[in-house]
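These notes concern the structure reproduced below.
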Amino acid sequence: MPEVIAGLEVPETAAVAEATRRIQETTSPLIYHHSRRVFFFSLIHARKLGVKPDPELLYLAAMFHDTGLLTPFSDVEQRFEVDGADHARAFLLERGFPTAAAETVWTAIALHTTPGIPDRMAPEIATTYLGVLTDVLGFGLDGLEQDQLDDILAVHPRGDFKNEFLRTYVDGLKNRPETTNGTVNSDVLEHFIPGFQRVTTVQRIAGSPWPS
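If you count the sequence shown from 1, position 182 lands on 181 in numbering that gives the first Met the number 0, and the numbers rise without skipping.
As structure tokens, this is what we get:
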């Protein structure tokens with residue numbers, strides 16, 4: 000029997016089951032519950048928009064989207080979103096998914112903190128972004144049915160999500176501050192890390208090696 004929460008069905012595939020186990024075992028309850036909520040909120044947005052993302056790809060994007068905060072993918076310092084996207088792409092390719100499917104999931108994760116772009120892209124990419132916005136910033140919360148929201152939170156409670164997520168966010172970024180330049184992530188370090196100052200676009204242009 001497929002798992003159904005709030006009238007929303009979790010895809011019943013081997014990759015979904017394995018991804019669920021992996022995120023449970025290698026991340027934290029905070030990231031696991033957040034990622035599952037993102038999936039369900041993404042499905043709700045898809046219904047409201049009248050789009051039909053591939054549910055398996057949407058689930059995998061949601062489950063892997065914050066893994067880069069906890070486990071860098073490579074020794075090269077890169078944005079946590081790219082680390083998470085690389086984790087997901089490797090997972091899909093190792094299990095025989097088409098390259099196009101792996102790239103869709105990669106893009107959904109890589110762009111999930113970038114405003115103004117992912118919501119104009121493929122359904123899996125757009126709805127992942129919107130699901131993240133709902134769980135982190137409350138976007139569209141007033142438009143959710145209360146019974147549906149209650150069902151989701153009963154299975155995947157928020158707890159002290161705001162404070163715990165911000166702590167996880169800082170911990171995932173503080174050792175690679177240069178990767179936050181030009182992103183919303185720099186806001187987090189500027190707020191929590193004493194002495195951190197982001198390099199602004201104005202500073203980068205004015206300080207370029209060009210004489211004028």
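Just so it is clear, CB atoms sit at the ideal spot from N, CA and C, and this is done for glycine as well. For clarity, every value in this text was computed on a predicted model and none was experimentally measured.
Within 10 angstroms of the Cβ of Ser229, are there 16 or more other Cβ atoms? Answer buried if so, exposed if not.
Nothing about residue 229 can be reported from this structure: the residues present for the chain run from 0 to 211 only.
Tell me, please, which residues DSSP counts as bridged to Leu48.
Answer by DSSP bridge pairing: none, since Leu48 is not bridged.
Taking the straight line between their C-alpha atoms, what separation do you get for Val198 and Gly206?
11 Å
Hey, Leu136 and Asp118 are a contact pair by Cβ (cut 8 Å); roughly how many whole angstroms apart?
Not confirmed; about 13 Å, so no contact.
Based on Cα-Cα distance, which residue from Thr167, Ala18, Ala89 lies nearest to Leu68?
Thr167
So, are the CB atoms of Leu59 and Ala84 less than 8 Å apart?
No, the Cβ-Cβ distance between Leu59 and Ala84 is not below 8 Å.
Helix, strand or coil, according to DSSP, for Ile4 in the structure here?
strand
Are Leu91 and Ala107 close, meaning C-beta to C-beta below 8 Å?
Not a contact, by the Cβ cut-off of 8 Å.
Mark Ala125 as exposed unless 16 or more other C-beta atoms lie within 10 angstroms of its C-beta, in which case mark it buried.
buried
Report the residue ranges of all beta strand (DSSP E) runs contained in full by the stretch 82-127; include only those spanning at least 3 residues, in chain order.
Listed in chain order, there is nothing to give.
Put Glu144 into one of helix, strand or coil per three-state DSSP.
DSSP places Glu144 in coil when its eight states are reduced to three.
If you check the beta carbons only, do Leu165 and Thr179 fall under 8 Å apart?
no
Nearest to Asp150 by alpha carbon, out of Thr19, Phe39, Glu11?
Phe39
Anyone know if the C-beta pair for Asp170 and Val37 falls short of 8 Å?
no
Identify which residue in Gly181, Ala61, His190 has its Cα closest to the Cα of Val201.
Gly181
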